[in-house]
Amino acid sequence: SPFRTAELAIEVQIERLRVQEISRARDVALQRLSESYLSILQKNETIEQIQKEIESNGGSTEHISRSAQLVVEIERLKAHIATLETAHRDLALTLGQLRTLPPSDPPPCYEANVKKAGKITIYHAKTDENAVAEGGTTTHVTEDFEVNALLALYIPLVTDNSSESLNARNSLLLSIPLPENPPDCTLTAIVIPPPFTFQEFLSSLPAVRILPEYKILHSSTTYCCPDREEHGFMYVPMFKCTTNSRIATAHQWRANDALDRITKATECFFNKDGVWYYAGLYKELLLDELSLKEWEQLAPETTSMIVKETIAGRKNSSPQNTYETTQLYAAGALKVKCVGLQCIGFSQEIYNAVLEHSIRFSENKWKTFGVTTPDNLGTVVPSNRQAASTTQTKSGSTTPTSLDTPGTASLTCSQTSTVAKQHKALPMQTYINNLPMAAGNINPYPRPHSGQVQVRVNGLASMGLGLSGSTWSGFPTREGNLGVLAPRNDVTECDEGNGGK
Numbered sequence: 001s002p003f004r005t006a007e008l009a010i011e012v013q014i015e016r017l018r019v020q021e022i023s024r025a026r027d028v029a030l031q032r033l034s035e036s037y038l039s040i041l042q043k044n045e046t047i048e049q050i051q052k053e054i055e056s057n058g059g060s061t062e063h064i065s066r067s068a069q070l071v072v073e074i075e076r077l078k079a080h081i082a083t084l085e086t087a088h089r090d091l092a093l094t095l096g097q098l099r100t101l102p103p104s105d106p107p108p109c110y111e112a113n114v115k116k117a118g119k120i121t122i123y124h125a126k127t128d129e130n131a132v133a134e135g136g137t138t139t140h141v142t143e144d145f146e147v148n149a150l151l152a153l154y155i156p157l158v159t160d161n162s163s164e165s166l167n168a169r170n171s172l173l174l175s176i177p178l179p180e181n182p183p184d185c186t187l188t189a190i191v192i193p194p195p196f197t198f199q200e201f202l203s204s205l206p207a208v209r210i211l212p213e214y215k216i217l218h219s220s221t222t223y224c225c226p227d228r229e230e231h232g233f234m235y236v237p238m239f240k241c242t243t244n245s246r247i248a249t250a251h252q253w254r255a256n257d258a259l260d261r262i263t264k265a266t267e268c269f270f271n272k273d274g275v276w277y278y279a280g281l282y283k284e285l286l287l288d289e290l291s292l293k294e295w296e297q298l299a300p301e302t303t304s305m306i307v308k309e310t311i312a313g314r315k316n317s318s319p320q321n322t323y324e325t326t327q328l329y330a331a332g333a334l335k336v337k338c339v340g341l342q343c344i345g346f347s348q349e350i351y352n353a354v355l356e357h358s359i360r361f362s363e364n365k366w367k368t369f370g371v372t373t374p375d376n377l378g379t380v381v382p383s384n385r386q387a388a389s390t391t392q393t394k395s396g397s398t399t400p401t402s403l404d405t406p407g408t409a410s411l412t413c414s415q416t417s418t419v420a421k422q423h424k425a426l427p428m429q430t431y432i433n434n435l436p437m438a439a440g441n442i443n444p445y446p447r448p449h450s451g452q453v454q455v456r457v458n459g460l461a462s463m464g465l466g467l468s469g470s471t472w473s474g475f476p477t478r479e480g481n482l483g484v485l486a487p488r489n490d491v492t493e494c495d496e497g498n499g500g501k
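Each residue of the sequence shown is one higher than the one before, starting from 1 at the first, in the UniProt record's numbering.
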C-alpha cells in the first residue's frame, strides 16, 4: 500500500540519521580518547624530566626552593592525570553503550514517525514564529542551532545515582544561552482573592487576546537550574489513563499527547505554595526518562502530583486507583519523562497587564457579587460568576428571577417591605424555589410546615421577599447567614409605618 511504502521510506531515513548520529558520536569519542592519550603521554614525560632534574640537583642547597615548586607541580599534574583517566573511562563506557544500541526501534505510528524525523533534522538556525505573542510586542527568540547541537551531544547517564543525573541535566541547562530579555530578578506575585481560581482570573483578563495558550508549572514537579534559574525542567508522565466517552466503566492507557507538541513556545505561569507568578515564554526540550532509583528518591508531593496528572482523565477515580497507579510507577511499568524548559523571552506587556488586573481584581472583589442596596431596590447588579436573570415590567424596572448572592448586604424591614410590594403577586414558596440550590443557599428541606423553613436570610432579602405583615425572624449561624425563619409572637410587624423596626 502507499502508506506502507511511505512508512518504509521514513524508517529508512530515520535509520540513516541514527547511523549518522552514532558515527558522529563515535568520532567525537575517539577524538577525545586520542587527545587524552596524548595529554597523558606529555604529562608523563614532563614528570620523568622533573624527577631526573630533582635527582641530579637534589644534593645542592641552591635548588631547594626550586625543588619545592617542582613537588607542588608534580602533585598538581598527578591530580590532572587522575581527572583525565576518569574522563577516559567515562568515554570508553559511553562508546561501549553506543556500540550495543539496537539498530532501530519499531515506530508506533505514521504521525509519530513524521514528528520524530522533524525533530532529528532540526540542525539549522531558525526563528520560532509561535514565539511572537498575538496582539502584543514581538518577543525575541534565540537561535535553535546551539540548543539542537547540545541536545544531539547530550547522552543520558546510565547510573543509579540520582545526583549524577541531576548534575548532568543542570550542566546541559547551564550551557543553553539566555534570551536578550530575560525575566526580572524579582517577580511580583499575582494576588487572586478567594474563592476565584487562576483560570477564572485569566478568563476575566481584559488583555486575554494576547494569551491564546498558556501552561501552568507547579513547584512540586518543576525545578530550576541552580546556576541559571531562567532555565529548568519538569516531570511529565509518559502515559495517561482516560475513560471511554461512551462506556463509563471502560478505561484505557494512552501515550501522553503533550510530549508530541512540545516544539511550540508557550507563555508559562508558576505556582508555588499557592502564590502565582508570570514566568515568561518557554520552549520545552525532551531530555531523558527517570530511573526507578530517581522515582524512589522523589519527594512525596512530587510523586502525588505526577500520579494525579496521570489519572486526571479517568472518571470516578478512587484512592484504590491512586494506589495502583503509584505501584505501577514503583514497578517501572509507567515511566516519567524529564522535559527541559528553555526561557526564550519575557513579555513585559503580559507581565504588567496581569499585575494591573490583579490589583483591580482584588479591589473590586466584592463588586463581583450581586449586591442589592437601598438605592437600587428591585434591580440587581449581575456578577461575573453568575449573571442575574431579570424580567422587564411595564413600569420599566427589572425584576430578578434567580441570583446567587453570597455576601449580599442585609436590608432593613422597611426596605424589604418596599421590595415585597414590587413582588407581592409571588408567593413565598416561589421565592424559595427560585433560590439556586447549587450555591448552598437552601439545605434539602421538607415541605414547609408550621411556618418553618431553613434558608439564607440575606438571599431572601435580595430576592425581594418582604417581611411586612408577617412575624418571621432570622437566626444567623456560624455556617454563614443560614438560619431558621420561624413565627414569633413577640415581634412587632414590619411595615413602612413603624420605621422598619
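The beta-carbon is built from N, C-alpha and C at its ideal position, and this holds for glycine as well.
Quick caveat, the model's predicted, so the values are computed rather than measured.
Review point. Can you give, in chain order, each stretch of the alpha helix (DSSP H) that sits fully within the segment 157-229 and has at least 4 residues?
Key: 162-175 and 198-203
Check your understanding: Are the beta-carbon atoms belonging to ASN361 and PHE201 less than 8 Å from one another?
Key -> Indexing the sequence shown from 1 puts residue 361 at position 361. Indexing the sequence shown from 1 puts residue 201 at position 201. Before going on, a small fix: residue 361 reads as Phe here, not Asn. Cβ atoms of PHE361 and PHE201: closer than 8 Å.
Point to revise | C-alpha gap between GLN20 and GLN13, whole angstroms | key: The count along the sequence shown starts at 1 and reaches residue 20 at position 20. The count along the sequence shown starts at 1 and reaches residue 13 at position 13. Whole-angstrom Cα-Cα distance: 11 Å.
Exercise for review: Give the straight-line distance between the Cα atoms of LYS78 and TYR37, rounded to the nearest whole angstrom.
Suggested key: In the sequence shown, counting from the first residue as 1, residue 78 sits at position 78. In the sequence shown, counting from the first residue as 1, residue 37 sits at position 37. In a straight line, the C-alpha of LYS78 is about 15 Å away from that of TYR37.
Exercise for review: Put ARG254 into one of helix, strand or coil per three-state DSSP.
Suggested key: Stepping through the sequence shown from its first residue, residue 254 is reached at position 254. Strand at ARG254.
**Study point:** Alpha carbon of CYS268 to alpha carbon of GLU349, nearest angstrom
**Key:** Position 268 of the sequence shown, counted from the first residue, corresponds to residue 268. Position 349 of the sequence shown, counted from the first residue, corresponds to residue 349. Approximately 14 Å between the Cα atoms of the pair.
Practice item. Give the DSSP-derived three-state secondary structure of PHE361 in the structure shown. Key: Taking the sequence shown and counting its residues from 1, the one referred to as residue 361 is at position 361. DSSP places PHE361 in helix when its eight states are reduced to three.
Exercise for review: Put LEU403 into one of helix, strand or coil per three-state DSSP.
Suggested key: In the sequence shown, counting from the first residue as 1, residue 403 sits at position 403. Note that LEU403 scores 34 on pLDDT, short of 50, meaning its location in the model is unreliable; the coordinates nonetheless yield the value given after this. If DSSP states are grouped into helix, strand and coil, LEU403 belongs with coil.
Check your understanding: DSSP on GLY96, reduced to helix/strand/coil?
Key -> Reading the sequence shown from its first residue, position 96 is the one you call residue 96. Three-state result, GLY96: helix.
Practice item. Put THR121 into one of helix, strand or coil per three-state DSSP. Key: Working through the sequence shown from its first residue, we reach residue 121 at position 121. Because the pLDDT at THR121 is just 30, under 50, the model does not fix this residue reliably, and the point stays unresolved.
Check your understanding: So the beta strand (DSSP E) THR249 belongs to, where does it begin and stop?
Key -> Numbered from 1 along the sequence shown, position 249 holds the residue referred to as residue 249. THR249 -> no beta strand (DSSP E), and no H or E assigned at all.
Exercise for review: Closer than 6 Å by C-beta to GLU73: which residues in its own chain qualify, once you throw out the five before and the five after it? Chain order, please.
Suggested key: Taking the first residue of the sequence shown as 1, we reach residue 73 at position 73. Closer than 6 Å at the Cβ level, and outside the excluded window around GLU73, lies no residue.
Exercise for review: Label ARG169 either buried or exposed according to how many other C-beta atoms from any shown protein chain fall within 10 Å of its C-beta, with 16 as the threshold for buried.
Suggested key: Residue numbering aside, residue 169 sits at position 169 when the sequence shown is read from its first letter. Buried: at least 16 other Cβ atoms inside 10 Å.
Check your understanding: Does DSSP classify GLN342 as helix, strand or coil?
Key -> Within the sequence shown, numbered from 1, the residue matching residue 342 stands at position 342. Residue state, collapsed to three classes: strand.
**Study point:** CA nearest to the CA of PHE233, picked from THR243, THR242 and THR222
**Key:** Translated into the one-based positions of the sequence shown, residue 233 becomes position 233. Among THR243, THR242 and THR222, the Cα nearest to that of PHE233 belongs to THR222.
Practice item. Assess, as a yes-or-no matter, whether the segment 20-29 is touched by the segment 42-56 under the definition of 3 or more beta carbon pairs within less than 8 Å. Key: no
Check your understanding: Given that a residue counts as buried once 16 or more other Cβ atoms are within 10 Å of its Cβ, and exposed if not, what is SER395?
Key -> For the purposes of this step, residue 395 is identified with residue 395 of the sequence shown, where counting begins at 1. Only weak support exists for where SER395 lies, its pLDDT of 39 falling under 50; the value from the coordinates is given anyway. Classification of SER395: exposed, given that the 10 Å Cβ count is below 16.
Review point. Between ALA250 and ASN244, is the Cβ-Cβ spacing less than 8 Å?
Key: For the purposes of this step, residue 250 is taken as residue 250 along the sequence shown, with counting starting at 1. For the purposes of this step, residue 244 is taken as residue 244 along the sequence shown, with counting starting at 1. In this structure, ASN244 lies closer than 8 Å to ALA250 by Cβ.
Point to revise | Contacts around LYS119, its chain only, beta-carbon distance under 6 Å, and the 5 residues preceding and following it disregarded | key: Here residue 119 is taken as the residue at index 119 of the sequence shown, counted from 1. Low local confidence applies: a pLDDT of 37 at LYS119 is under 50, so the model's placement there is unreliable, with the coordinate-based value given in what follows. No residues qualify anywhere along the chain.
Check your understanding: Between the C-alpha atoms of HIS218 and ASN321, what's the straight-line distance to the nearest angstrom?
Key -> Here residue 218 refers to the residue found at position 218 when the sequence shown is read from its first residue. Here residue 321 refers to the residue found at position 321 when the sequence shown is read from its first residue. One C-alpha to the other measures close to 23 Å.
**Study point:** Three-state class that DSSP yields for SER347 in the structure shown
**Key:** The count along the sequence shown starts at 1 and reaches residue 347 at position 347. Correct three-state label for SER347: coil.
Point to revise | Alpha-carbon to alpha-carbon, ALA331 and residue 515 | key: Any answer about residue 515 is impossible in this case: the structure gives the chain only from 1 up to 501.
Check your understanding: If you count every other CB in all the chains shown that lies within 10 Å of the CB of GLN342, and 16 or more means buried, which is it?
Key -> For this step, residue 342 is matched to residue 342 along the sequence shown. The residue is buried, with at least 16 neighbouring Cβ atoms inside 10 Å.
Point to revise | Which of helix, strand or coil DSSP assigns to ALA279 | key: The count along the sequence shown starts at 1 and reaches residue 279 at position 279. Strand at ALA279.
Exercise for review: Indicate whether THR310 and PRO226 have their beta-carbon atoms separated by less than 8 Å.
Suggested key: Counting from 1 along the sequence shown, the entry for residue 310 is found at position 310. Counting from 1 along the sequence shown, the entry for residue 226 is found at position 226. No, they are not a contact pair.
Practice item. Within its chain, find whatever has a CB closer than 7 Å to the CB of THR266; leave out the 5 residues flanking it on each side and keep chain order. Key: To locate residue 266, count along the sequence shown from 1; it is residue 266. The residues are GLU213, TYR214, LYS215 and TYR282.
Review point. Would GLY274 be called buried (16 or more neighbouring beta carbons within 10 Å of its own) or exposed?
Key: Stepping through the sequence shown from its first residue, residue 274 is reached at position 274. Classification for GLY274: exposed.
Practice item. May I ask you to list the residues that DSSP assigns as paired with VAL336? Key: Position 336 of the sequence shown, counting from 1, holds the residue named residue 336. The partner list for VAL336 (beta bridge, DSSP) reads PRO237.
Check your understanding: Which residue's Cα is closest to the Cα of GLU363: PRO193, LYS272 and SER347?
Key -> Counted from its first residue, the sequence shown places residue 363 at position 363. If we check each option's Cα against that of GLU363, PRO193 comes out closest.
Check your understanding: Does the beta-carbon distance from ASP160 to LYS293 come in below 8 Å?
Key -> Your numbering for residue 160 matches position 160 in the sequence shown. Your numbering for residue 293 matches position 293 in the sequence shown. In this structure, LYS293 lies closer than 8 Å to ASP160 by Cβ.
Point to revise | Among SER163, ARG228 and SER203, nearest to ILE176 - alpha-carbon criterion | key: Here the question's residue 176 lines up with position 176 in the sequence shown. When only C-alpha atoms are compared, the closest one is ARG228.
Practice item. Report buried or exposed for VAL71, applying the criterion of at least 16 other Cβ atoms within 10 angstroms of its Cβ. Key: Your numbering for residue 71 matches position 71 in the sequence shown. Answer is exposed; the Cβ neighbour count stays below 16.
**Study point:** Cut-off 7 Å between Cβ atoms - residues of its own chain near PRO182, not counting five sequence neighbours on either side
**Key:** The residue given as residue 182 occupies position 182 in the sequence shown. The answer, listed in chain order, is GLU230, CYS343 and PHE346.
Check your understanding: By the 10 Å Cβ neighbour count, where 16 or more other Cβ atoms means buried, how is LEU93 classified, buried or exposed?
Key -> The residue given as residue 93 occupies position 93 in the sequence shown. With fewer than 16 Cβ atoms within 10 Å of its Cβ, LEU93 is classed as exposed.
Exercise for review: Kindly indicate which three-state DSSP category ALA439 falls into: helix, strand or coil?
Suggested key: Here residue 439 refers to the residue found at position 439 of the sequence shown. With a pLDDT of 38 at ALA439, under the threshold of 50, the modelled position of that residue is not reliable, and the figure given next carries that caveat. Here ALA439 sits in coil by DSSP.
Practice item. Could you tell me whether the Cβ atoms of GLU301 and SER220 are closer together than 8 Å? Key: Here residue 301 refers to the residue found at position 301 of the sequence shown. Here residue 220 refers to the residue found at position 220 of the sequence shown. Yes; because the gap between Cβ atoms is below 8 Å, this pair is in contact.
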